[in-house]
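Worksheet: one structure, shown below.
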Amino acid sequence: MRGGLTTADGKPLKQALAHAQARAKRKALLLVVPLLAFILITFVMPIGQLLFRSIHNDGFSANMPQISAWFDETKAGDAPDEAAYAALVADIAAAAEARTIGVVGTRVNYELSGTRSLFTSAGRNAEDLQPPYREAMLDLNEKWGDPQLWGVMRSVSSAYSANFYLAALDLARDENGEIVRAPEDRRIYGMLFMRTLWLSALITGLCLILAYPVAHLLAVLPLAKSNLLMILVLLPFWTSLLVRTTSWMVMLQEQGVINNTLVALGLIGNESRIQMMYNQAGTIIAMTHILLPFMILPLYSVMRPINPSYVRAARSLGATSWTAFRRVYLPQTLPGIGAGALLVFILSVGYYITPALVGGASGQLISNLIAYHMQDSLNWSLAAALAALLLAGVLILYWLYDRLIGIDNLKLG
Amino acid sequence: MALPIYASPLEKVWHWTYKAICTAIFIFLIAPILIVIPLSFNAEPYFTFTEKMLSFDPEGYSLRWYDRLLTFGMQAPDAPRDWSWWRDVLANATWLDVAWNSIIIGFFSTILATGLGTLAALGLSRSEMPWRRSIMAVLISPMIVPIIITATGLFFFYSKIEIQKWGVPYLGIIMAHATLGIPFVIITVTATLSGFDHSLSRAAASLGANPRTTFFKVIMPLILPGVVSGALFAFVTSFDEVVMVLFIAGHDEQTIPRQMWNGIREQISPAILAVATILVVVSIALLATVEILRRRSEKLRGVTAG
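The listed protein sequences correspond, in order, to chains P and S. Counting along the first sequence from 1, when you hit position 249 you're at 249 in the numbering used here, and nothing is skipped either side. Every position in the second sequence, counted from 1, becomes a number in the numbering used here once 1000 is added.
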């Protein structure tokens, strides 16, 4: 006996086994590779692109090469000299020629509002300007001597900047490049992040309160009956999101079913119909309804296998029904509560459609602001920065979910 | 859930209160879906029950909003309804057009998601799979990451690679919807495979079947119900999706939810309720199919339902 056990063809068994295992590993991996490649292209790379956009915006630097070079050579706080103004005029003239002056103005405008027209009007006149350029520019508009404007131009002369993240966190840079809080009336993002968190927590809480009794009932009923009642949970789950949102709009309207019923019952007067839509109430009601199945299903799957004899044992040992519930039943359902609450919270912080349709102004969440910057204000870098912050939050929650519950245990229907 | 015979009066009261609470919650769950159905037959352009409807007067009900679905977008909706009128419907009716788009996008994204997802689930369920947990986390993440973020990223990505210029219609939106459907396929198929008895495939191999025969004759029939319900989930995800369409779909790639979005935002009319009713009927059919498949799968796997 030398070298221990061998296979029939004389290889050491250990080696042969390792070989076979490596091959099985490769085979398993090979099955997953096509999907991983697909996800890489349609999901990971786009998100990478989004993160890149949030720190990269070459609207100024790509179109204003000469003045950007001047900023590179000088240091922050240097007063602009005649060479700087000459470079500025040359760049503006070239940008006006190439019709990119609007892009330049917009980029500067993100940092210092009211400056876009400064650039476009300079673009119209740049051809006629004669040296000395400093006087010529100041004649055109006093603001061209403003140190704050020059500070901003210096900061945007590099394509890479963290300024969009600062803006998304209600921060800004002053003329010396120090980070300061944005003026009071501009601090909207922090408020929106807080509102998103608060409303999501509220909706999660409401879902839990509504889901717990229903899930318990479904879990203790005989299977034939509970399967029948389960349809009432699964049908909303399978129904189109837009259908559910539409029907809530129909029900919550001022002339809608709920208000009409209340008026007909004489509970409220015809003039004092309740405003339940286009405000936070609309967002809360509709989202609670839409996310409720996501809470009921995990709770149900945890409650179903719980043995009823535990509670009976507690009762027989003298516990009141409340004590038996609190000390015996509730602790056994905690995994379901955790799974459902985390799932509902994760889904609700990123909700877009329902708040956009029934939320009005006060029911908007952070996603709606991302969409606004993508579609209306067209400040894509700011949208990307807001999306990146939201993504970071969601990924932390996702990691937590995987740690506590494990994604393998995610079940549908 | 019967009340024990020794229940105290307080417990009796609580028992009935509890049942009442549960009933109320069930009504909250189902009422919004059921209420749109009768309202879509409203003869008046209101979103509430008219007196005629409440007294079940046939005059209070009509099919005008369903008719509107056909005529909306037509060139000559008031022309006599002969052969050329129907041709006009087929050529120009907006809702038919978007329904067709929805079906094409849903079909191809489902094929893509189901094919790739099933293959990956087969790999993931093998015990030899390395980095199983991390790979699973990546594959499920499109379901967790808010769609608005994915849509924003795809918008940047597609405009960078200029996918519109590739000349393949629907390509961008199909890939996007497939990405969203993949987590559902992975979850359902791995759940089915978790109950799969691997000694069956070993038995097939020992009886001389090659891996291909084993897969098609033994594994596939057993996991098929899971695959089909995963595919249905993927289809519903695509069929119901609006954010991606808003962000990346071309002008001629609008879908039913997108058209509903337009209708709701601009001027909401009961025609939207008619669409909603049709979609509710579709989802009832899908739910029934998934339930039947689930029971079949449990029977095949020998898991008896109570």
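For glycine and all other residues, C-beta sits at the position ideal for the given N, C-alpha and C. Please read these numbers as outputs of a predicted model, since none were measured by experiment.
Within the same chain, Pro1211 and Thr1214 come within 8 Å of S/Ala1205 by CB-CB distance, once the 5 residues on both sides are set aside. In the DSSP assignment, P/Ala37 falls within the alpha helix (DSSP H) that extends over Leu13 to Ile39. Under the 8 Å criterion on CB atoms, P/Phe43 is classed as interfacial with respect to chain S. Take P/Met137, set aside five residues on each side of it, and the residues of its chain with a beta-carbon closer than 6 Å to its own are Tyr85 and Trp144, in chain order. Proximity of chain P to S/Glu1044 at the Cβ level (cut-off 8 Å) is not reached, the minimal Cβ distance being about 11 Å.
Listed along chain P, the residues sitting closer than 9 Å to S/Leu1124 by beta-carbon distance are Ala28, Leu31 and Val32. Segment contact: the stretch 200-215 of chain P against the stretch 287-296 of chain P, three or more CB-CB distances shorter than 8 Å; contact assigned. Against S/Asp1240, the close residues of chain P are Ser240, Leu241 and Leu242, in the order they occur along the chain (beta-carbon pairs closer than 8 Å). With contacts defined by Cβ atoms closer than 8 Å, P/Trp238 and S/Ser1283 form a contacting pair.
Just so you know, the alpha carbons of P/Ile346 and P/Pro183 end up roughly 31 Å apart. Contact with chain S is absent for P/Arg273, since none of that chain's Cβ atoms lies less than 8 Å from the residue's Cβ.
When the beta-carbon positions are compared, S/Val1275 and S/Ala1231 stay at least 8 Å from each other. Taken in chain order, the complete alpha helix (DSSP H) segments of 4 residues or longer contained in the stretch 1122-1207 of chain S are 1132-1144, 1147-1161, 1171-1194 and 1198-1206. For the stretch 1127-1154 of chain S, the set of positions with a beta-carbon nearer than 8 Å to some beta-carbon of chain P reads Glu1128, Met1129, Pro1130, Arg1133, Ile1135, Met1136, Ala1137, Val1138, Leu1139, Ile1140, Ser1141, Pro1142, Ile1144, Val1145, Pro1146, Ile1147, Ile1148, Ile1149, Thr1150, Thr1152, Gly1153 and Leu1154 in chain order. Taking 8 Å as the threshold, the shortest C-beta distance from P/Met276 to chain S does not fall below it. Around the beta carbon of P/Gly359, a 10 Å sphere encloses 16 or more other beta carbons of the protein chains shown; the residue is thus reported as buried. With fewer than 16 other Cβ atoms inside 10 Å of its own Cβ, S/Trp1131 counts as exposed. Exclusion of the five residues before and after S/Phe1247 leaves Ala1151 and Phe1155 as the residues of its chain whose Cβ lies within less than 6 Å of its Cβ. P/Ile396: member of the alpha helix (DSSP H) spanning Trp380 to Leu404, first to last residue. Rounded to the nearest whole angstrom, the CA to CA distance from S/Ser1159 to S/Trp1166 is 12 Å.
At a cut-off of 8 Å between C-beta atoms, S/Ser1283 counts as an interface residue with respect to chain P. Runs of the alpha helix (DSSP H) lying entirely within the stretch 1228-1285 of chain S and spanning at least 4 residues, in chain order: 1243-1248 and 1256-1265. Looking at P/Leu292, P/Val257 and P/Arg403, the one whose alpha-carbon comes closest to that of S/Thr1050 is P/Val257. Where P/Val180 is concerned, the enclosing beta strand (DSSP E) starts and stops at Ile179 to Arg181.
The residue from P/Ile274, P/Arg304, P/Phe193 and P/Leu192 with its alpha-carbon nearest to that of P/Val220 is P/Arg304. With fewer than 16 other CB atoms across the displayed protein chains lying within 10 angstroms of its CB, P/Asn270 is exposed.
Straight-line spacing of the CA atoms in S/Val1189 and P/Ala387 works out to 31 Å. Taking a contact to require three or more Cβ pairs closer than 8 Å, the stretch 160-176 of chain P and the stretch 53-72 of chain P qualify as touching. Counted as a single uninterrupted DSSP element, the beta strand (DSSP E) harbouring P/Leu171 occupies residues Leu171 to Arg173. Between P/Val349 and P/Thr196, the CB-CB gap stays under 8 Å. Under a criterion of Cβ atoms nearer than 7 Å, the residues of chain P adjacent to S/Leu1119 are, in order, Leu31, Pro34 and Leu35.
Sequence-distant partners of P/Asp402 (beyond 5 residues in either direction) whose C-beta falls short of 6 Å from its own C-beta are missing from its chain. Residue environment analysis places S/Ile1256 among the buried positions, since at least 16 neighbouring C-beta atoms fall within 10 angstroms of its C-beta. If you ignore the 5 residues before and after S/Arg1296, its C-beta comes within less than 6 Å of the C-beta of Pro1225, all in its own chain and listed in chain order.
Secondary-structure assignment with DSSP links P/Asn368 through no beta bridge to anything. In terms of beta-carbon proximity, P/Ala387 lines the interface with chain S, with at least one pair separated by less than 8 Å.
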